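**Q** Quick one: structure below, then a few questions.
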Amino acid sequence: MSYQHQFSDGTPFNHTLGKVVCVGRNYAEHAKELNNPIPTSPILFIKPATTVMPLSDEIKLPQGKGDTHYEAELAILIGEQLTCASTADIERAIAGYGLALDLTLRDLQSELKTKGHPWEIAKSFDGACPLSAFVKPATITDPSNIEFTLKINGELRQHGHTNEMITAVTPLIAFISQHFTLMPGDVVLTGTPAGVGLLPSGAKLEVDLESVLHTETTVK
Ligand code: ZN
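When we follow this note's numbering, the leftmost residue of the sequence shown carries the number 863, and every step to the right adds one.
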């Protein structure tokens, strides 16, 4: 895999991606749309580095594995090692903000959930985490008060506002760091707002983070 982190201004980020730590059901409206209970503490899962590809590259849907759903999410680039981290440690360690698609084989995930099995194979296939370039932290004054959108073929499908997160960015990273050490180059996905659905082949996608980041891609 040749993925390398990029900043939107073209400057390099010299750490290699190790893992992507994700949270399920971090927006109440999304939990409800999939008939899931609202969790009392963050539900974590990990996408390996082999899931990550540049969001601007064409997305290739897995074949013969049922429906692939899109989930647009705010992505946090980690710049320092974090183990049982404090708020101050976390604020220093955020190296950038970007957007990701947490691609999900929804039929397969539903089947695994029904059986009470881990849903890893529904979330961790090659290419399951298209990831944008990152904006520098100084670009975002308050991560708990930012908006992002996903449009498919020009139609607004998801509109997230981080003030609607059940667990906000800093406490989420704190919780993660109590369970796994985050390393420089790791990425945290902060959950998807309502509006998830089938990713249609041939679609054109546009993702925007406020007015600071815009990425377009297509589905094969
Ligand atoms: Zn997700």
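By construction, the Cβ of each residue, glycine as well, lies at the ideal position given by its N, Cα and C atoms. All values reported here derive from a predicted model rather than from experimental measurement.
Closest to residue 1045 by CA distance: which of 904, 1061, 938 and 915 is it?
**A** 938
**Q** What does the alpha-carbon distance come out to for the pair residue 976 and residue 970?
**A** 10 Å
**Q** Does the beta-carbon of residue 1073 have 16 or more other beta-carbons within 10 angstroms, so that it is buried, or is it exposed?
**A** exposed
**Q** Check whether the region 919-926 touches the region 996-1010, counting contact only when three or more Cβ pairs, one atom from each stretch, lie closer than 8 Å.
**A** no
**Q** What's the gap between the Cα of residue 961 and the Cα of residue 1022?
**A** 11 Å
**Q** Report the CB separation of residue 1082 from residue 989 in whole angstroms; it is logged as a contact under 8 Å.
**A** Their Cβ separation, rounded to whole angstroms, is 11 Å, which puts residue 1082 and residue 989 out of contact at 8 Å.
**Q** Tell me whether residue 933 counts as near ligand 1, meaning its Cβ is closer than 6 Å to at least one heavy atom of that ligand.
**A** yes
**Q** How is residue 925 classed by DSSP in three states: helix, strand or coil?
**A** coil
**Q** Distance check for residue 932 and residue 1105, CA to CA, integer angstroms please.
**A** No statement about residue 1105 is possible, as the shown extent of the chain runs from 863 to 1082 and does not include it.
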